[in-house]
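Chemist:
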Amino acid sequence: MKTAIISPSGKFYGSEQTLFNFLSLTNGYDVYIKNEPNGLFEKLKSNTFNHRYFSFNKLSIFYFLFSIKLLYKYKKVYINEAGHSKYIIGLSKLFFWKSFYIHVRLTEDTVLSRWKGIGSNIHLISTSKYIADLLNEHVQVQSVVISSPARAFNENIKWNYKYNDITIKNVGVIGRLTTSKGIHEMKEFFTYLEKNKNENFNFYFYGDVDKTDKNVVAFLNLVESFKHVNVSFEGFVSDKSEMYANIDLVLHFNKEEPLGVIFLEALNQGKPFVGFNSGGIGCIAQNLNLENYMVKDLDNWCADLIAITNKLDINQFQIAREVMLDIYSPQTYCKRIENLIS
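The sequence shown begins at 25 in our numbering and counts up one residue at a time.
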């Protein structure tokens with residue numbers, strides 16, 4: 025019997041991009057994908073990977089129809105994210121002799137309410153030790169830690185060893201601008217810079233801006249009023265190389281990032297990365313021996329962050345990237361996933 029893979033979101037955000045890369049390096053899976061405009065299904069159909077793809081529009085109808093195939097065709101099912109776990113829990117009770125593997129990638133998917141009725145034939149995969157610890161704390165279940173791999177590889181990296189000589193640093197803040205991505209910390213930090221008339225940074229935001237989020241709108245209005253902080257919103261940029269060529273370092277403001285693939289991506293592009301020594305970012309920093317360049321002093325963190333950005337050892341980041349290429353490689357990720365689900 026084969027293994028089925030399900031992408032219940034079908035968009036093309038981080039988890040779907042990770043699944044796309046997994047499928048590019050593997051063979052022979054039946055992949056079920058929610059149909060979304062410019063989503064994963066469209067991306068896969070334009071490539072020649074060796075899998076079979078099936079799209080669907082409504083989750084409830086899909087899972088009903090999928091249960092028929094599950095009866096005779098599949099022994100294992102891998103679900104790329106945990107956002108619709110209630111359907112899988114229902115299937116697992118009906119098909120108690122089948123095995124289900126759910127990849128938990130978000131902090132909101134570690135709450136007890138998501139996993140009521142979870143059975144022994146459901147196996148959880150955490151994207152970081154941080155997520156695994158939350159699942160153990162909230163749900164009292166163990167999970168296997170398999171972190172998403174590094175992406176946006178650049179073979180022609182030129183590290184800037186004169187980074188600390190830069191007077192005005194171009195800073196990239198990368199990812200969708202939402203409340204969950206550290207908007208309150210951004211507000212606090214930028215207000216601190218404005219109050220202290222610190223003009224040593226140019227900030228470039230790369231990513232979609234959620235203007236339906238009232239906290240985001242308030243932040244946009246705030247930075248527009250500043251006189252000493254230079255901020256530019258560039259939107260989503262598909263050309264990673266061009267984006268990273270314009271910045272000197274990457275700052276990240278989410279204290280509870282589930283993993284922090286942007287950390288790995290920045291290193292892949294030869295750029296130093298500074299964030300909080302917590303969540304998934306803290307896990308990566310520990311694995312790569314970069315904890316000294318993460319913010320620890322939460323009482324005086326704005327000043328701490330500025331101090332860190334002024335004393336980066338680029339050699340340490342270069343060494344960290346070499347370690348990252350091993351433990352966070354796409355090949356390592358694929359091998360570990362396939363060992364579970366094949």
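For every residue, glycine included, the Cβ atom is placed at its ideal position computed from N, Cα and C. No experiment lies behind these values; they were computed from the predicted model shown.
Tell me the DSSP secondary structure of V319 in three-state form.
Modeler: strand
Chemist: Work out the CA separation of S48 and I181 for me, nearest whole Å.
Modeler: 24 Å
Chemist: Could you tell me how far apart the beta carbons of N127 and I149 are, in whole angstroms, since I believe they sit closer than 8 Å?
Modeler: Checking the sequence, you will find His at residue 127 rather than Asn. Right, their Cβ atoms sit about 5 Å apart.
Chemist: Since Y96 and I365 should fall inside the 8 Å C-beta cutoff, what is the C-beta to C-beta distance between them, to a whole number of angstroms?
Modeler: No, Y96 and I365 are not in contact; Cβ-Cβ is about 19 Å, not under 8 Å.
Chemist: Give, in chain order, every unbroken run of the beta strand (DSSP E) that is at least 3 residues long and sits entirely within the segment 217-304.
Modeler: 225-230, 254-259, 273-275
Chemist: Among P61, E209, S109, N278, which residue has its Cα nearest to the Cα of S84?
Modeler: S109
Chemist: Could you give the distance in angstroms between the alpha-carbon of K140 and the alpha-carbon of M318?
Modeler: Taking the straight line joining both Cα atoms gives about 36 Å.
Chemist: Since K295 and V274 are thought to touch, with beta carbons under 8 Å apart, how far apart are those beta carbons, to the nearest angstrom?
Modeler: Correct: roughly 6 Å between the Cβ atoms.
Chemist: Can you tell me whether DSSP reads S150 as helix, strand or coil?
Modeler: strand
Chemist: Count the other C-beta atoms from every protein chain shown that fall within 10 angstroms of the C-beta of P32, then say buried if there are 16 or more, exposed otherwise.
Modeler: Counting C-beta atoms within 10 angstroms of its own C-beta, P32 has 16 or more neighbours from the protein chains shown and is therefore classed as buried.
Chemist: Looking only at DSSP bridge pairs, what is T27 linked to?
Modeler: K100
Chemist: Do you know how far the Cα of Y228 is from the Cα of V255?
Modeler: 6 Å
Chemist: Could you tell me whether the segment 154-168 touches the segment 196-203, using the rule of 3 or more Cβ pairs below 8 Å?
Modeler: no
Chemist: Are the beta-carbon atoms belonging to F36 and K58 less than 8 Å from one another?
Modeler: no
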